[in-house]
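Residue numbers (the working numbering): 69 to 205.
Data block below; observations after.
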């Protein structure tokens with residue numbers, strides 16, 4: 069499993085990390101799904117803003133969000149990402165969230181998803197920001 073995760077991470081960047089605390093758990097002592105999605109959306113939005121040098125973005129979609137394994141108190145959630153596609157006003161990122169247990173070294177995929185953000189203009193409507201955009205490496 070670790071080899072598979074390492075292969076997926078090869079061309080991704082670490083976006084953010086969070087330590088799962090007791091207050092983050094649901095009734096069954098697993099990380100609450102809404103908390104996980106919030107961490108992913110916030111972290112990836114900041115990652116995208118930094119990469120494209122534009123901050124007026126909104127989340128359009130989080131595709132194929134499937135919770136593959138639970139996270140528990142003491143696990144470190146690591147969220148990795150990369151940009152996979154530009155549209156006229158949108159940018160799509162691939163996101164991989166994993167648990168990394170510092171005591172055991174065990175890593176597990178929690179969520180792998182594509183997230184699309186849309187650039188808004190001053191009027192609050194989508195703007196063709198990427199028409200004249202040159203990605204940085």
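Glycine included, every Cβ here is placed at the ideal spot set by N, Cα and C.
Quick caveat, the model's predicted, so the values are computed rather than measured.
**Message:** Quick check on this structure: which residue in 140, 161 and 169 has the alpha carbon closest to the alpha carbon of residue 148?
**Reply:** 161
**Asked** Hey, would you say residue 198 sits closer than 8 Å to residue 156, going by beta carbons?
**Response** yes
**Prompt:** Along the chain, which unbroken stretches of the alpha helix (DSSP H) at least 4 residues long are found entirely within the segment 122-165?
**Reply:** none
**Request:** Throw me the rounded Cβ distance for the residue 139 and residue 83 pair, which I believe falls under 8 Å.
**Result:** Between residue 83 and residue 139 the Cβ distance is about 16 Å, and since that is not below 8 Å, they are no contact.
**Asked** CA-CA distance, residue 93 and residue 76?
**Response** 27 Å
**Request:** Take residue 159 as the anchor and find which of 135, 165, 170 and 202 has the nearest alpha-carbon.
**Result:** 202
**Prompt:** What three-state label does DSSP hand residue 197 in the structure shown?
**Reply:** helix
**Prompt:** Which residues in the same chain have their Cβ closer than 7 Å to the Cβ of residue 73, if we skip the five residues on either side of it in sequence?
**Reply:** 166, 175 and 177
**Request:** Can you say whether residue 111 is buried or exposed, counting buried as having 16 or more other CB atoms within 10 angstroms of its CB?
**Result:** buried
**Burial state of residue 95 (16 or more Cβ within 10 Å)** = exposed
**Prompt:** Closest by CA to residue 164, which one among 185, 193, 170 and 105?
**Reply:** 105
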